[in-house]
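Colleague:
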Amino acid sequence: MAFESLTDKLSGVFKKIRGQSKLTEKNMEEMLREIRVALLESDVNFKVVKSFIADVKEKAIGQDVYNKVNPSQMIVKIVHDEIQDLLGDEQEGIQYEKPLTVIMMVGLQGTGKTTTAGKLGYYFQNKENKKVLVAACDIYRPGAIDQLRAVASNAGIGFYEEGDKVDPVKIAIHAKEKASKEGYDVLIVDTAGRLQIDEALMDELKRINHEIHPKEVLLLVDAAAGQDAVNVANAFNKELRLTGVILSRLDGDARGGAALSIKYLTGLPIKFAGVGERVNELEMFYPDRMADRILGMGDVVTLVEKAKEAIDEKQAEKDARKMMEGEFTLEDMLRQMKQVQKIGSLGAIAKLIPGMPKITDEQQEKAKQEMKVFEAIINSMTPYERRHPEILRYSHKNRIAKGSGYTNADVNRVLRKFEQSKQMMKQMKQYQKSGRFPPGGLGGLGGF
Amino acid sequence: MGLFSFLKNKFSKKDVKEKEETKSYEKGLEKSRKAFASKLDSLSKRYASVNEEYFEELEEILIESDVGVELSIRLIEKLLDQAKLEKITDPKTINEALVDAMFVDYATSGEAIENEITFQKEGPTVLLVCGVNGVGKTTSIAKLAYRYKNKGKKVALAAGDTFRAGAVEQLSVWAKRLGVDIVTGKEGADPASVAYDGAKFAKEHGIDLLIVDTAGRLQTKNNLMQELGKMSRVLSKEIPGAPHETFLIIDATTGQNGVVQAKAFKEVTPVSGIVITKMDGTSKGGIILSIRDELGVPVRFIGLGEKMEDLREFDLDQYLNGLLLGEQDA
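Heads up: the sequence lines are chains G and B, in that order. Okay, so the first sequence: first residue is 23 according to the working numbering, each after it adds one. Okay, so the second sequence: first residue is 85 according to the working numbering, each after it adds one.
Right, dumping it as structure tokens:
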């Protein structure tokens, strides 16, 4: 996930200071140097880094953190606030316009415009209940129209094209006419990607912009973009007056510093973030949460919202109560595991929970495989056995193993895991009462 | 091969290089060059002699071109030592020394560089092309096919990107335009089976160069990376030693994540070279220096534009000069 290494780096820096009881001018310099390197390695623009470091330093001095006991928390707070400043204060959504909202997607080649056009359409249709049309105005890249057609049908939204022989400006105008006539709420115009120095393309984009008056002109920026990203954003902004940025491929391990920089230097808000290849993997971008994530404080709100979408709430509440009561059956465990899978990849979730140890991709794959084994074994039990696993004897286990295609040892493993989970639930209840979490976080959940 | 012979080799090659090629190379890099030329120009004008701030600004220029902070700091430290030792105070001399230091670092980090694809003495040579999404894999494949077809090789393509909507069509359009054979599978088919069919086709039809396309994948997607490893293994079963070359395509706008990309791809398939695309923008592609520095993988080709001919052999000397010195020195 993006920013992971920045989190690692900064927590490394902070750990170093934590060891020292007092912050002196000397170790302050060292810390600032480390923060500088970490930010630069995350592709934060060097100009931004420079002013960032200066701000942190000034604030640290202003708040008189020197010679105080435990000043590191103060620095963490300053850095956190600065990053949040950098990302902007509030989440900014799409501005709608009655009766038709026109959105124009622009960006360099290969930043994911076409895929994102589909995702955005899916988002408007399914989360905002809008009727969406996408228009294919990239007539240059071979296969671009086919791709958009496939993406649109996948997203279940309307699609408009006129082949690759018609002037894209005309296509855009016709698409808008169609959208107005047929009662669409949103028109998304996919445009050709080029290099920003391409004047002919800029001219074409300007003409489309002039003809269809989009409410939103969104620039696609790759999370892996380097130092030049701010120049790109400036160039597009100068010609087209952008209204926001969509950050693509935030599901990779790129640190996404370019996005931070664009927001800081151009003031353009980041409105959405692409977090996967599937059509529903586009999220609203929440700057305040992202600052927490950068600093490794976890992003609990995102997790809760993700979970809400995937989990049947009533069932979850029932499960939670049962769990806390310690009345927890194998059926509950299986259902829980399935729900966790629905939320998304385990690793992604773990990263959102503060104090949760990191899960590697391999572990994640393993967990997925494990899930299959668990499901087969539990499904091979009778309903009574699932609720009362304590009655299981050798002969039962033999039958279950055979039925599921696994071994006795696997059956025992499931039962052991079940006992552990049950135990943990009881503990959590205790901790809940006392209002404290077990030391080392919820590490035990990682095995699910 | 020692540094000296490497340098000599490089320079002698440059002499015979066609003027026209050099010209287009320069044109492609013009934008980045202009930015740097003016920057370095104003930098050396502002400083009568070099001091600490001068080096700081030099470091920023390196970082700004995505060279990477670790390598940039190391280069500047080296330069500081040299300046002190040789008592250099002239900004222009320092700039030249910087280019030299970068040249030496690149040339000595890993094996010597042969840009062209090394062909097998017998049977088809297989080139696997991989990279993250949107870097320009398909276009680069078309350019490579064009290049080797013009050199009299019999080229075939295998459309191994069965994932992205429209990818097979895109490659098929190129194959038709170029007049080369293409082996395709259905959308959503196992890419390893397409690779297998491609290898079989290449053997049966006396193909010299089989270029295998792959779906773009983020290096964090474990299962997709494993799939790439599988394609590699399937190819080697059908044609011993295949893929003989694996090119990783990297977008010139990529930042420090490029090193992570190269590392991850190298783990699942033997990456033998990098093709850097979209160098005709203002991006400097400095990440290739970090990749070479850390992993030893050389850049083989460089994409300078959208036309078929716009794929050039990577020339370190020209690149560095374009990167740092600007027009007055070129």
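A virtual CB, placed ideally from N, CA and C, is assigned to each residue, including glycine.
So does the segment 366-379 of chain B actually touch the segment 240-254 of chain B, counting three or more Cβ pairs closer than 8 Å?
Modeller: no
Colleague: Can you list, in chain order, the residues of its chain with a C-beta nearer than 7 Å to that of Leu167 (chain B)? Leave out the 5 residues immediately preceding and following it.
Modeller: Residue numbering aside, residue 167 (chain B) sits at position 83 when the second sequence is read from its first letter. The displayed chain sequence assigns Ala, not Leu, to residue 167 (chain B). Only residues of its own chain outside the window of five on either side were considered, and among them Val134 and Ile178 have a CB closer than 7 Å to the CB of Ala167 (chain B), listed in chain order.
Colleague: Drop a sphere of 10 angstroms on the beta-carbon of Tyr406 (chain G), count the other beta-carbons inside from all chains shown, and report buried for 16 or more, exposed for fewer.
Modeller: Along the first sequence, one-based indexing puts residue 406 (chain G) at 384. Tyr406 (chain G) comes out exposed.
Colleague: Closest by CA to Tyr206 (chain G), which one among G:Phe146, G:Met53, G:Ala280 and G:Ile284?
Modeller: Taking the first sequence and counting its residues from 1, the one referred to as residue 206 (chain G) is at position 184. Nearest of G:Phe146, G:Met53, G:Ala280 and G:Ile284 to Tyr206 (chain G), Cα basis: G:Phe146.
Colleague: In chain G, what lies closer than 8 Å to Thr337 (chain B) by C-beta?
Modeller: By 1-based counting over the second sequence, the position of residue 337 (chain B) is 253. In chain order: Leu130, Asp244, Ala247, Gly248, Asp250, Ala251 and Val254.
Colleague: In angstroms with no decimal places, state the Cα-to-Cα distance between Thr298 (chain B) and Asp273 (chain G).
Modeller: Along the second sequence, read from residue 1 onward, the residue named residue 298 (chain B) stands at position 214. Along the first sequence, read from residue 1 onward, the residue named residue 273 (chain G) stands at position 251. Roughly 20 Å between the two C-alpha positions.
Colleague: So Asp377 (chain B) and Gly248 (chain G) are in contact, right, with Cβ under 8 Å, and what is the actual spacing, rounded?
Modeller: On the second sequence, position 293 is the one that residue 377 (chain B) refers to. On the first sequence, position 226 is the one that residue 248 (chain G) refers to. Asp377 (chain B) to Gly248 (chain G), Cβ: 16 Å. No contact.
Colleague: Considering Cα atoms alone, identify which of G:Asn256, G:Phe350, G:Ile125 and G:Phe294 is closest to Ser443 (chain G).
Modeller: For this step, residue 443 (chain G) is matched to residue 421 along the first sequence. Comparing Cα-Cα distances from Ser443 (chain G) to each of G:Asn256, G:Phe350, G:Ile125 and G:Phe294, the minimum goes to G:Phe350.
Colleague: Does the segment 285-301 of chain B touch the segment 315-332 of chain B, meaning 3 or more C-beta pairs lie closer than 8 Å?
Modeller: yes
Colleague: According to DSSP, is Val322 (chain G) helix, strand or coil?
Modeller: Residue 322 (chain G) sits at position 300 when you count from the first residue of the first sequence. For Val322 (chain G), the predicted structure reports a pLDDT of 45, less than 50, and the residue's modelled location is therefore unreliable. A value from the coordinates is still provided. Look at Val322 (chain G) here: in three-state DSSP terms it is helix.
Colleague: Just how far apart, CA to CA, sit Lys528 (chain G) and Gly110 (chain G)?
Modeller: Residue 528 (chain G) cannot be examined here, being either before or after the span of chain G that is shown, 23 to 470.
Colleague: Any beta-carbon of chain G closer than 7 Å to the one on Ser126 (chain B)?
Modeller: Along the second sequence, one-based indexing puts residue 126 (chain B) at 42. Not closer than 7 Å to any Cβ of chain G, the Cβ of Ser126 (chain B) fails to qualify, so no.
Colleague: Is the distance from the Cβ of Ile358 (chain B) to the Cβ of Leu319 (chain B) below 7 Å?
Modeller: For this step, residue 358 (chain B) is matched to residue 274 along the second sequence. For this step, residue 319 (chain B) is matched to residue 235 along the second sequence. Result no, Cβ atoms of Ile358 (chain B) and Leu319 (chain B) do not sit closer than 7 Å.
Colleague: Below 7 Å on C-beta distance, what does Leu62 (chain G) contact in chain B?
Modeller: Position 40 of the first sequence, counting from 1, holds the residue named residue 62 (chain G). Within 7 Å Cβ-Cβ: Ile147 and Val153.
Colleague: According to DSSP, simplified to helix, strand and coil, what is Val296 (chain B)?
Modeller: Here residue 296 (chain B) refers to the residue found at position 212 of the second sequence. In this structure, Val296 (chain B) counts as strand in the three-state DSSP scheme.
Colleague: Can you tell me the Cβ-Cβ gap for Arg58 (chain G) and Val71 (chain G), rounded? I've got them flagged as a contact below 8 Å.
Modeller: Reading the first sequence from its first residue, position 36 is the one you call residue 58 (chain G). Reading the first sequence from its first residue, position 49 is the one you call residue 71 (chain G). The Cβ separation is near 6 Å, so the contact holds.
Colleague: For Asp65 (chain G), does the three-state DSSP call read helix, strand or coil?
Modeller: For the purposes of this step, residue 65 (chain G) is taken as residue 43 along the first sequence, with counting starting at 1. Note: Asp65 (chain G) maps to coil in three-state DSSP.
Colleague: Count the C-beta pairs between the segment 152-160 of chain B and the segment 255-262 of chain G that are closer than 8 Å, then say yes if the count reaches three, no if not.
Modeller: no
Colleague: Can you give the Cα-Cα distance for Arg409 (chain G) and Ala398 (chain G), rounded to whole angstroms?
Modeller: Your numbering for residue 409 (chain G) matches position 387 in the first sequence. Your numbering for residue 398 (chain G) matches position 376 in the first sequence. Between Arg409 (chain G) and Ala398 (chain G), the C-alpha separation is close to 16 Å.
Colleague: Excluding the five sequence neighbours on either side, which residues of its own chain have a C-beta within less than 8 Å of the C-beta of Gly134 (chain G), listed in chain order?
Modeller: One-based indexing of the first sequence puts residue 134 (chain G) at position 112. Annotation for Gly134 (chain G): Leu242, Asp244, Ser270, Arg271 and Gly296 place their beta carbon closer than 8 Å to its own, counting only its chain and skipping 5 residues before and after.
Colleague: In the DSSP assignment, what are the bridge partners of Ile266 (chain B)?
Modeller: The count along the second sequence starts at 1 and reaches residue 266 (chain B) at position 182. B:Leu241, per the DSSP bridge assignment.
Colleague: If we count the other Cβ atoms within 10 Å of its Cβ and call it buried at 16 or more, is Gly425 (chain G) buried or exposed?
Modeller: Here residue 425 (chain G) refers to the residue found at position 403 when the first sequence is read from its first residue. Result: exposed.
Colleague: List the residues of chain G whose Cβ lies closer than 7 Å to the Cβ of Asp150 (chain B), in chain order.
Modeller: Position 66 of the second sequence, counting from 1, holds the residue named residue 150 (chain B). What Asp150 (chain B) touches in chain G: Gly248 and Gln249.
Colleague: Please report how far the alpha carbon of Pro461 (chain G) lies from the alpha carbon of Lys228 (chain G), in whole angstroms.
Modeller: For this step, residue 461 (chain G) is matched to residue 439 along the first sequence. For this step, residue 228 (chain G) is matched to residue 206 along the first sequence. Unreliable positioning characterises Pro461 (chain G) in this predicted model, as indicated by a pLDDT of 45, which lies under 50. The coordinate reading is nonetheless provided below. Straight-line Cα distance between these residues: approximately 58 Å.
Colleague: Applying the criterion that 16 or more other CB atoms from any shown protein chain within 10 Å of the CB defines a buried residue, is Val323 (chain G) buried or exposed?
Modeller: Working through the first sequence from its first residue, we reach residue 323 (chain G) at position 301. Confidence in Val323 (chain G) is poor, its pLDDT being 48 and thus under 50, which makes the residue's placement unreliable; the coordinate value appears in the next sentence. Residue burial is scored here from C-beta neighbours: Val323 (chain G) has fewer than 16 other C-beta atoms within 10 angstroms and is therefore classed as exposed.
Colleague: Using only CA atoms, which one of G:Lys198, G:Asp103 and G:Lys260 lies nearest to Glu221 (chain G)?
Modeller: Position 199 of the first sequence, counted from the start, is the residue given in the question as residue 221 (chain G). Cα-wise, what sits closest to Glu221 (chain G) is G:Lys260.
Colleague: Give the residues of chain B in contact with Thr133 (chain G), contact being defined as C-beta atoms less than 7 Å apart.
Modeller: Mapped onto the first sequence, residue 133 (chain G) falls at position 111. Per Cβ cutoff of 7 Å: Gly218.
Colleague: If I'm right that Val380 (chain B) touches Gly215 (chain B) with Cβ under 8 Å, what's the distance once you round it to whole angstroms?
Modeller: Looking up residue 380 (chain B) in the second sequence gives position 296. Looking up residue 215 (chain B) in the second sequence gives position 131. Note that residue 380 (chain B) is Gly in the sequence shown, not Val. With 8 Å as the limit, Gly380 (chain B) and Gly215 (chain B) do not qualify as a contact, their Cβ atoms being about 18 Å apart.
Colleague: Can you tell me whether DSSP reads Ser156 (chain B) as helix, strand or coil?
Modeller: Position 72 of the second sequence, counting from 1, holds the residue named residue 156 (chain B). Helix, per DSSP.
Colleague: Taking its Cβ as the centre, do 16 or more other Cβ atoms sit within 10 Å of Leu169 (chain B), making it buried, or is it exposed?
Modeller: To locate residue 169 (chain B), count along the second sequence from 1; it is residue 85. Its Cβ having fewer than 16 others within 10 Å, Leu169 (chain B) is exposed.
Colleague: What does Arg271 (chain G) touch in chain B if you count any residue whose Cβ is under 9 Å from its own?
Modeller: On the first sequence, residue 271 (chain G) is found 249 positions in, with the first residue counted as 1. Those are Val216, Asn217, Gly218 and Leu302, listed as they occur along chain B.
Colleague: Mind checking which residues open and close the beta strand (DSSP E) that includes Gly357 (chain B)?
Modeller: As a first step, residue 357 (chain B) is located in the second sequence; it is residue number 273 there, counting from the start. Per DSSP, Gly357 (chain B) belongs to the beta strand (DSSP E) from Gly357 to Thr361.
Colleague: Note down, in chain order, every chain G residue with its Cβ under 9 Å from the Cβ of Ala259 (chain B).
Modeller: Here residue 259 (chain B) refers to the residue found at position 175 when the second sequence is read from its first residue. The premise fails here: Ala259 (chain B) is roughly 11 Å from chain G at the closest Cβ pair, so nothing lies under 9 Å.
Colleague: Note down, in chain order, each residue of its chain lying with its Cβ closer than 6 Å to the Cβ of Ser202 (chain G), except the 5 sequence neighbours on either side.
Modeller: Within the first sequence, numbered from 1, the residue matching residue 202 (chain G) stands at position 180. Around Ser202 (chain G): Leu122.
Colleague: Are the CB atoms of Asn49 (chain G) and Val252 (chain G) nearer to each other than 7 Å?
Modeller: Numbered from its first residue, the first sequence carries residue 49 (chain G) at position 27. Numbered from its first residue, the first sequence carries residue 252 (chain G) at position 230. 7 Å or more divides the Cβ of Asn49 (chain G) from the Cβ of Val252 (chain G).
Colleague: Keeping to the same chain, check which residues put their C-beta closer than 6 Å to that of Ala71 (chain B); ignore five residues upstream and five downstream.
Modeller: Any question about residue 71 (chain B) goes unanswered here, given that chain B covers just 85 to 414.
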